[in-house]
Each structure stands twice: as C-alpha cells, then as structure tokens.
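Scroll down for the structure; my scribbles are underneath it.
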Amino acid sequence: MDGKKCFIMGLPEAGKTTYLAALWHCLNNKENLSLRIKTYTEDHSYLSGISAKWADAEEVSRTKPEFEKKAITLSLENNKEDEITLAFTDLSGESFQHQYENREAKKEHVEFVQDCLGICLFVHPEKIKEPYFISEVPASVREENIEGAIEHEPRNPRENDPTQVQLVDLLQFITHMRGNKSVNLCIMISAWDLLKETCQKEMGPENYIKTRMPLLWQYLKSNSNVFLLEYYGVSAQGGQLEDQEKLLEINDPCDRIMVVDNDGNLLNDITLPLNRIVSKSNEKK
Numbered sequence: 001m002d003g004k005k006c007f008i009m010g011l012p013e014a015g016k017t018t019y020l021a022a023l024w025h026c027l028n029n030k031e032n033l034s035l036r037i038k039t040y041t042e043d044h045s046y047l048s049g050i051s052a053k054w055a056d057a058e059e060v061s062r063t064k065p066e067f068e069k070k071a072i073t074l075s076l077e078n079n080k081e082d083e084i085t086l087a088f089t090d091l092s093g094e095s096f097q098h099q100y101e102n103r104e105a106k107k108e109h110v111e112f113v114q115d116c117l118g119i120c121l122f123v124h125p126e127k128i129k130e131p132y133f134i135s136e137v138p139a140s141v142r143e144e145n146i147e148g149a150i151e152h153e154p155r156n157p158r159e160n161d162p163t164q165v166q167l168v169d170l171l172q173f174i175t176h177m178r179g180n181k182s183v184n185l186c187i188m189i190s191a192w193d194l195l196k197e198t199c200q201k202e203m204g205p206e207n208y209i210k211t212r213m214p215l216l217w218q219y220l221k222s223n224s225n226v227f228l229l230e231y232y233g234v235s236a237q238g239g240q241l242e243d244q245e246k247l248l249e250i251n252d253p254c255d256r257i258m259v260v261d262n263d264g265n266l267l268n269d270i271t272l273p274l275n276r277i278v279s280k281s282n283e284k285k
C-alpha cells in the first residue's frame with residue numbers, strides 16, 4: 001500500500017461535514033498543525049464553500065446531493081513527510097445507514113476499508129437514539145392477546161434501532177471486510193462543546209461513551225485486539241451557532257476549535273486525532 005490511508009465514517013448528522021469544513025480551512029490557513037496538505041488532487045470548490053461558511057460561523061448545510069455519493073479524498077503529510085490519504089467516502093452518512101439497513105456495501109467502500117491504517121468513527125451526542133426498557137413500552141404494545149392490544153407498526157431501523165446497536169453492527173462489518181485484521185480506530189465525539197461543563201470535567205471521551213453507549217464500549221473493549229483505540233472529543237465549530245457574534249469575536253476561526261484527548265487535555269489542533277491514528281504502530285495485524 002502506498003502511503004497511509006485514513007477512513008472517515010459515521011451515521012447521518014454525526015458531524016462529519018462540519019469537521020471537514022473546519023479541517024479544510026485550517027489546513028489552508030494555519031501553520032504548525034500535525035498534518036498539512038501535500039498535493040491538491042481534485043476540484044475543491046465544494047470544500048472551499050463549506051469552509052467559508054464555517055469560518056463565518058454560519059450553518060454548514062447538509063451534504064449536497066451531488067456530493068452524497070462522491071468520495072472526497074485529501075492528500076496530506078505529517079512532519080515525517082509520510083503521505084496520508086484521508087477519505088470521506090460518504091459525508092451524508094446515507095451509505096452507512098444503507099449498509100446497516102440492507103446488509104450491503106459499495107465495492108470501493110470495502111476496498112478502502114481493507115487497505116486503511118486508521119478509521120475515524122464520528123458520534124454526535126445530540127443524535128444518539130437511546131434504547132428503552134421493556135417496562136417503558138405500553139402494555140397494549142407488549143401484550144398481543146389482551147383486550148385492546150394494538151397492531152404493531154413495521155420496524156423502521158433508522159428511527160427505531162438504538163444508535164449504539166447500529167454502530168456495533170457497522171464495526172462488525174469492518175471486522176468481516178478486513179478478515180479480523182487489527183486497525184487503529186478513533187472514536188470522535190463531535191460537538192463536544194454542547195456537553196455540560198460538569199460532564200466534560202467528570203468524564204473524558206471514553207467514559208462518556210462507556211456511560212452513554214455501554215454496548216458500543218463493551219464491544220470495543222472485548223475486541224481490543226482488533227480495534228486499537230483512541231478517543232477524542234472534538235468541537236469543530238467551537239460553540240453554538242446561536243452565539244455567532246461571540247464566535248466571530250475570535251479573530252482566527254481555527255482558534256475556536258476544541259480537541260480533548262482521553263486524559264482531559266484541551267488542544268487546538270484539529271488534525272491531531274487523524275495523525276495519531278495513522279502514526280501509531282499497528283503490530284497486531
């Protein structure tokens with residue numbers, strides 16, 4: 001494999017597009033990052049458009065239809081001049097949703113997963129669908145033979161299945177695609193600024209997943225020989241869009257960015273998690 005490949009994944013509205021907008025702006029406007037642009041390999045007008053909106057603290061629109069099925073790749077390098085290919089094969093997340101619901105994946109998606117050294121999985125804390133207890137389900141739904149029982153509605157996987165169930169299933173796809181070969185995996189909790197300050201202080205990114213998505217955490221823990229883990233909390237926007245004036249008071253938009261590692265260190269380099277997972281050794285293949 002030429003160079004190092006990093007694969008970006010996540011369900012719809014997980015924060016991938018906002019992250020990419022911030023990443024592209026900083027790569028073009030900030031020095032001393034862990035990664036930098038190596039070569040411009042394609043038309044980046046879309047990236048320029050979303051990064052301009054991001055810099056102006058405007059809402060970065062959901063991925064345009066013409067880009068939903070188009071892979072966006074960036075050719076980057078680190079301080080060691082290692083070539084790194086960063087691939088957003090589906091910014092909208094719809095192909096990952098389709099993969100979960102229909103049990104099939106695109107050929108190019110499979111090929112990139114098989115070749116990549118690192119994977120970033122995005123999770124948005126406000127988009128997590130929680131599981132519920134059987135006791136919370138009305139008796140008229142639970143009991144089929146009681147008087148007044150209602151007819152069950154067809155299951156809608158997108159709306160009904162807990163997020164952690166969907167993510168575990170997608171990760172199981174990855175183990176199958178790679179033949180159980182180990183891979184560096186970074187869990188990126190986006191919109192970290194939206195979490196309460198007490199939550200940020202009391203628990204780092206991993207403990208947040210452990211508390212909020214225990215099934216996902218247990219799966220990753222029990223498969224630590226396959227998934228070599230890193231956890232980061234990332235706020236690509238640095239605050240809520242309702243506070244646009246406050247955000248614009250910061251002269252350099254890149255200074256709005258927050259990156260929190262698992263030790264609670266507050267960092268500002270949006271490329272650091274990406275560099276970390278492609279630079280760390282992967283000896284358990």
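First residue of the sequence shown? That's 1 in UniProt numbering, and the numbers climb one at a time after it.
Ideal placement from N, C-alpha and C gives every residue a C-beta, glycine not left out.
Pull up the distance between the alpha-carbon of residue i and that of residue j, whole angstroms please.
i, j, result
"I119", "M188", "10 Å"
"D56", "D255", "13 Å"
"Q237", "L228", "28 Å"
"L267", "P154", "46 Å"
"Q244", "E58", "8 Å"
"N160", "N28", "41 Å"
"M1", "G10", "Because M1 carries a pLDDT of 42, less than 50, the predicted location of this residue cannot be relied on, and the following value inherits that uncertainty. Distance between the alpha carbons of M1 and G10 is about 24 Å."
"G264", "M203", "8 Å"
"I37", "I250", "24 Å"
"V225", "S45", "A small fix is needed here, since residue 225 is Asn in this sequence, not Val. Approximately 40 Å, taken between the alpha carbons."
"residue 315", "V260", "Residue 315 falls outside the range modelled here, since the chain spans only 1 to 285, and no answer is possible."
"V110", "I174", "8 Å"
"K30", "K221", "36 Å"
"S182", "K246", "43 Å"
"N223", "A71", "29 Å"
How would you write the range of the beta strand (DSSP E) that residue i sits in, first residue to last?
i, result
"T39", "35-39"
"T85", "83-88"
"V259", "258-260"
For the alpha helix (DSSP H) containing residue i, name the first residue and the last one.
i, result
"A52", "45-55"
"V113", "107-115"
"L216", "214-222"
"I8", "No alpha helix (DSSP H) holds I8; the beta strand (DSSP E) holding it covers 4-9."
"V168", "163-177"
"C26", "16-29"
"L241", "Looking at the DSSP string, L241 is not in any alpha helix (DSSP H), and its letter there is neither H nor E."
"I119", "Careful: I119 lies outside any alpha helix (DSSP H), inside the beta strand (DSSP E) at 118-123."
Can you find a heavy atom of the ligand FAD that lies under 6 Å from the Cβ of residue i?
i, result
"L86", "In the structure shown, the ligand FAD is absent, as is every other ligand, since no ligand is present at all."
Apart from the five residues on each side of it in sequence, which residues of its chain come closer than 8 Å, Cβ to Cβ, to residue i?
i, result
"T73", "T41, E42, T85, L86, A87, F88"
"D82", "G3, K4, V278, S279"
"W54", "T18, A21, A22, H25, V60, A236, Q237, P253"
"F7", "A87, T89, F112, V113, C116, G118, I119, C120"
"M213", "V123, I128, T163, Q164, L167"
If you drop the 5 nearest sequence neighbours on each side, which residues of the same chain put their C-beta closer than 7 Å to that of residue i?
i, result
"T39", "S75"
"P12", "S92, G93, E94, Q97"
"D193", "S235, G238, G239, M258"
"H124", "E13, A14, G15, S190, A191"
"W217", "I209, K210"
"E283", "Low local confidence applies: a pLDDT of 45 at E283 is under 50, so the model's placement there is unreliable, with the coordinate-based value given in what follows. The answer is none, since no qualifying residue turns up."
"N275", "S34, L35, N78"
"P65", "Any reading at P65 is ruled out, since the residue's pLDDT is 49, under 50, leaving its predicted position unreliable."
If we count the other Cβ atoms within 10 Å of its Cβ and call it buried at 16 or more, is residue i buried or exposed?
i, result
"G179", "exposed"
"L121", "buried"
"H176", "exposed"
"Y208", "buried"
"S51", "buried"
"Q99", "buried"
"L241", "exposed"
If I measure Cβ to Cβ from residue i and keep anything under 6 Å in the same chain, skipping five residues before and after, which residues do I get?
i, result
"E206", "Y231, N262"
"L23", "I270"
"K129", "P162, T163"
"L33", "D269, T271"
"P157", "E101"
To which residues does DSSP link residue i through a beta bridge?
i, result
"Y232", "M188"
"T73", "A87"
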